[in-house]
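Quick note on numbering: my numbering labels position 134 of the sequence shown as 256, and the sequence is numbered without any gaps.
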Amino acid sequence: VEVTVKARVVTVKGPRGKLEKSFKHVAVDIRVVTMKGEKMVVIEMWFGNYKNKPVVRSVASAIQNMVDGVTKGHRCKMRAAFAHFPITLTVLNKGKTLEIRNFVGEKHVKKITMLPGCEVKETDNKHQIIIEGIDLDGVALTCIPSFKG
């Protein structure tokens, strides 16, 4: 995995693809250093108070999630749970669109377009879907509108 930082914009390249995220809104120093033959990402905050210090860990977690995404990927399994009205899930456009029919008995058909880098797959169980991608934020944000009322 190759991590580069330029002006608080972190780019991570790996076997599954490339992710780029800007941390310009955060007052931290981010750089890549070599220690004992290994490259490490160093995140520093100068003169941070007790409210600003947790931001360092949040930035480190975001970069770690990017590294995990380009190496292993992220996956979210979702199941349609219902008691009376059977919900129908249909995957369209080669995994780029999800269609939900009969949600809480509605006649309206919900169409959810996947964010860039995410795709939806059907499973053997017709009431379960899998949303996959390399960007954790994209996968999570794609899952939110799927079964929201």
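Every residue gets a Cβ at the ideal spot worked out from N, C-alpha and C, and that includes glycine. As the structure is a prediction and not an experimental result, all values here were calculated from the model.
(request) Can you grab the Cα-Cα spacing for the pair residue 185 / residue 127, in whole Å? (result) The sequence position of residue 185 within the sequence shown is 63, counting from 1. The sequence position of residue 127 within the sequence shown is 5, counting from 1. When only Cα atoms are considered, residue 185 and residue 127 end up about 11 angstroms apart.
(message) At 4 residues or longer, what runs of the alpha helix (DSSP H) sit wholly inside the region 164-207?
(response) Entirely contained in the region 164-207, the alpha helix (DSSP H) runs reaching 4 residues are, in chain order, 176-193.
(message) Quick test of your reading: residue 162 and residue 177, contact by CB under 8 angstroms. State the CB separation rounded to the nearest angstrom.
(response) As a working note, residue 162 is residue 40 in the sequence shown. As a working note, residue 177 is residue 55 in the sequence shown. Actually they do not touch by this definition, with Cβ atoms about 19 angstroms apart.
(request) Give the range of the beta strand (DSSP E) segment to which residue 131 is assigned. (result) Along the sequence shown, one-based indexing puts residue 131 at 9. The continuous beta strand (DSSP E) containing residue 131 extends over residues 131-136.
(message) Quick check for students: name the residue ranges of the alpha helix (DSSP H) that lie wholly in the region 240-265, counting only runs of 4 or more.
(response) Counting only runs of 4 or more, we get 258-265.
(request) Check each candidate in 123, 134, 138 and 144 and name the one with the smallest Cα separation from residue 160. (result) Position 38 of the sequence shown, counted from the start, is the residue given in the question as residue 160. Selected option, being the one with the closest Cα: 123.
(message) The beta strand (DSSP E) that contains residue 236, what's its start and end?
(response) Your numbering for residue 236 matches position 114 in the sequence shown. Unbroken run through residue 236: none, as it is neither H nor E.
(request) Could you name the residues of the same chain whose beta carbon sits closer than 8 angstroms to that of residue 130, not counting the 5 residues immediately before and after it, in chain order? (result) Reading the sequence shown from its first residue, position 8 is the one you call residue 130. Result list for residue 130: 144, 145, 146, 148, 150 and 152, in chain order.
(request) Starting from the C-beta of residue 192, find all residues in its chain whose C-beta is less than 8 angstroms away, skip the five residues before and the five after it, and write them out in chain order. (result) As a first step, residue 192 must be located in the sequence shown, where it is residue number 70. Around residue 192: 123, 134, 135, 136, 137, 138, 139, 140, 141 and 256.
(message) Please state the DSSP three-state secondary structure of residue 231.
(response) In the sequence shown, the residue the question calls residue 231 occupies position 109. In the structure shown, residue 231 sits in coil (DSSP, three-state: anything other than H, G, I, E or B).
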